[in-house]
Structure formats: C-alpha cells, structure tokens
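With this note's numbering, letter number 199 in the sequence shown gets 1140, and the count goes up by one each step, no holes.
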Amino acid sequence: MGAGWFKVFWQNLNFFGHDSFTFINLLGAIIKIIIIFIFVRVFIYIFNKFITRVFDTKTNLKLKIKERQANTLKTLLHSLVRYVFYFIGIIMVLQVFGVKTDSLLAGAGILGLAFSFGAQNLVQDVITGFFLIFEDQFSVGEYVKIADVSGIVEETGLRVTKIRDFGGELHIIPNGLIKQVTNYSRGSLRALVEVGIAYEEDIEKAIKVMEEVSRELAAERREIVEPPIVHGVTGFGESEIVIRVTARTEPMAKWAIENELRKRIKEAFDREKIKIPYPRRVMINPFPKKKGEEREQEQTL
C-alpha cells in the first residue's frame, strides 16, 4: 500500500507533464530532486556501512587479505559506491526534467557523450585504479615514490591516489598519470653508510672499530634482518679514504638505522682517536701584533 501511494505521489510530481508551466510544476520538480538526493545519500551511507562492517570482520569471514590491502580495497569500494549512486541520481534528475535517458543507458549514447566531453582521462584513471588495486602495487599506509613525489599513501580511489610527503603536504595524483611506482614498504631495504678517514689513519683499525659498532647495533635493534657488513675501502676522496658498511633492514627502518650507525661510528672513532677529515683553511695574518711576529691560525670552514 505504501509503495502504491509513493508511486502515485511521484507521478503527480511531473515537471513537464502539464501543458503550462506553473509554480506547482516547479515545486514538484524541486521536491523530486530533493527526494532523489536524500535517497542517494541514504543508500551511499548504507552500502558504505556494510562494506566497512565486512572488512572490519574479515577475520571472522576468513578472508586472506592483508590489513593495508583491506583498507585500500575498502576505500576503493567506497568510491565505487559513491560514483554509481551519483550516476543513478543524475539519470533520475534528467528524467525529472523530461530528458529521455533510454538511449544514454543503451551504451553507445552514453559512451559517445562521455568521450565528447573529454572523459577519456577519467576512463583511463578508473582503469588504472583497478589495476593498481588488484595487482597490489601499493596499499594505504605504505611509503612509495610516484614520479617525483615520495610519501605515505593515504587513500587510493577509483580516480586519484593521495600521498602525504615528509613535509606534510598532500599530493593528489590522477591514477592515469601513474606510470612507475617505487614501493619502499615491501621486503627488506639496504641501509648504506660511508665514512671517510684521514689518509694518515690505520685502515685496519678503522674497519675493526666499524665492525664492532655494527655487531653491537645488530644485537640491539630487531629492525636489522641481516648483520651489517663492512666492505672495506670503496673509494678515495680529496682528503679521505672512504669505508662502506651496509645492512638489510625491515621496511621503513632503513633511515633510522643509517642515522644510528653514523652516530655510533663517529663516537667510536672519537674514542679511538681516529680522525675524520674536514676542510681547513690556514690564514696568515699580514699585520702581526708585534714587530717581527707573524701569527698563523687555522680556521675550520
């Protein structure tokens, strides 16, 4: 009974169904559009709540999905639901204004109209978005580099991917522009530290000190998945001999381990009196304080 009443009410609110345009016709169209908007919003809310509940209880459903991948898929489905219901709402609004949408919904008509308005990029964005998700190239919460942008993935939708960089700036990248992705959150990463010592220093002593520091750090930090390796002399600089040490770390721990290695190596070199060279400039004072006295001073750049 309720459905029949709503059908009669809807048919009576016909904007172009009368011979003459009246205020009642306009009011009817406005009411229809408001009802469409309300129903679209309600259905989007209901479907999104359902999707969220499914993914929040994925362990009970025994779905073999990683947490980050689940968050990404959830965001993608939210976007899909939003676009689908907005599209349906637009079609219904067009029908309120008397536009015949049968040909549009047939397929060829809507496709031609979309491409005529430059929707090629939109289609490309959506298709690329699907491949990004289902190929699992990256997930929400992972640290990636796309083009010249590096940061944490905050959202992956049907059309765009949002990345927040180290400075806190949010970059919104259309999926169609994503040609190459570097993912720093998959597998182990290599931490690399190069330290220069003066040419006058004992190389073997410096290597032993670096090996001892590396062993101590590996014993303390669980993020190091493979023990550090001191590779020995890897280069000669203008004033230093370069010694390299590397280690395999968990994702995102690379930079912290590199910083800690540098700090501990510097402290160990200071204890062992091993000099790390740095630029110096010798200044000759052309105007001595006393006659016949010259002052030579060394200044650090």
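Every residue gets a Cβ at the ideal spot worked out from N, C-alpha and C, and that includes glycine. Remember, it's a predicted structure, so these values are computed and weren't measured experimentally.
So who's on the other strand from residue i, going by DSSP bridges?
| i | result |
| --- | --- |
| T1102 | T1097, I1114 |
| A1132 | A1188 |
| F1177 | I1182 |
| K1086 | S1091, T1123 |
| V1171 | V1186 |
| I1138 | I1182 |
| I1165 | T1190 |
What residues in its chain sit with their C-beta under 7 Å from that of residue i, if we drop five residues either side in the sequence?
| i | result |
| --- | --- |
| V1037 | F956, A970, K973, I974 |
| E1076 | none |
| S1020 | G1098, L1099 |
| T993 | K1015 |
| E1152 | V1171 |
| R1023 | I985 |
| I1144 | V1174, I1182 |
Within the same chain, show all residues whose beta-carbon is closer than 8 Å to that of residue i, passing over the 5 residues directly before and after it, in chain order.
| i | result |
| --- | --- |
| H1258 | Residue 1258 cannot be examined here, being either before or after the span of the chain that is shown, 942 to 1242. |
| R1156 | P1168, P1169 |
| G1128 | P1192 |
| H1112 | V1090, G1092, K1103, I1104, R1105, D1106 |
| D997 | none |
Considering only the alpha carbon of each residue, which of the options lies closest to residue i?
| i | options | result |
| --- | --- | --- |
| P1218 | E1191, E1142, K1146, R1131 | E1142 |
| L1018 | G1092, K990, R1127 | K990 |
| E1110 | L1099, V1090, V1081 | V1090 |
| S1080 | V1122, V1067, E1201 | V1122 |
| R1162 | M1151, E1191, E1208, F1177 | E1191 |
| N1200 | T1175, V1101, P1220, L1133 | L1133 |
| Y1140 | G1178, V983, F996, G1039 | G1178 |
| G1070 | K1103, E1083, R982, N1124 | K1103 |
| I1198 | E1152, D1211, R1131 | R1131 |
| I1087 | N1124, V1067, E1096, F978 | N1124 |
| S1189 | E1208, T1175, F1028, L1158 | The sequence given here places Arg at residue 1189; Ser does not occur at that position. The shortest C-alpha separation from R1189 is found at L1158. |
| S1180 | L968, G1137, K1041 | G1137 |
| V1154 | K1204, I1144, V983, I1068 | K1204 |
Tell me which same chain residues have a C-beta within less than 6 Å of the C-beta of residue i, skipping the five on either side of it?
| i | result |
| --- | --- |
| E1135 | V1183, R1185 |
| Q1253 | There is no way to answer for residue 1253, as the model of the chain reaches only from 942 to 1242. |
| T1175 | V1183, R1185 |
| E1095 | K1103, R1105 |
| V1150 | A1209, E1213 |
| P1115 | D1066, V1101 |
| I1165 | A1159, A1188, T1190 |
| I979 | none |
Please tell me whether residue i has its Cβ less than 9 Å away from any Cβ of chain B.
| i | result |
| --- | --- |
| E1152 | Looking at the structure shown, chain B is missing, and only one protein chain is on hand. |
If I'm right that residue i touches residue j with Cβ under 8 Å, what's the distance once you round it to whole angstroms?
| i | j | result |
| --- | --- | --- |
| K1146 | I1206 | That belief does not hold up - the Cβ atoms of K1146 and I1206 are roughly 13 Å apart, past 8 Å. |
| I1093 | G1082 | 7 Å |
| V981 | G1030 | 4 Å |
Return the CA-CA distance between residue i and residue j, expressed in angstroms with no decimal places.
| i | j | result |
| --- | --- | --- |
| I985 | V1034 | 17 Å |
| L1202 | K1195 | 11 Å |
| K1005 | L1073 | The pLDDT assigned to K1005 is 46, lower than 50, so where the model puts this residue is not dependable; a value taken from the coordinates is nonetheless given after this. Whole-angstrom Cα-Cα distance: 18 Å. |
| Y1084 | I987 | 32 Å |
| I1063 | V1101 | Reading the sequence as shown, one finds Leu at residue 1063 and not Ile. Cα to Cα, the separation comes out at about 10 Å. |
| I977 | S1126 | 44 Å |
| K910 | I1148 | Coverage of the chain is limited to positions 942 through 1242, which leaves residue 910 absent and any answer about it impossible. |
| D1211 | P1220 | 18 Å |
| Y1027 | L968 | 22 Å |
| V1025 | I1068 | 15 Å |
| V983 | Q1078 | 33 Å |
Cβ of residue i versus every heavy atom of the ligand ZN: is any distance shorter than 8 Å?
| i | result |
| --- | --- |
| E1208 | This structure lacks the ligand ZN, and indeed carries no ligand of any kind. |
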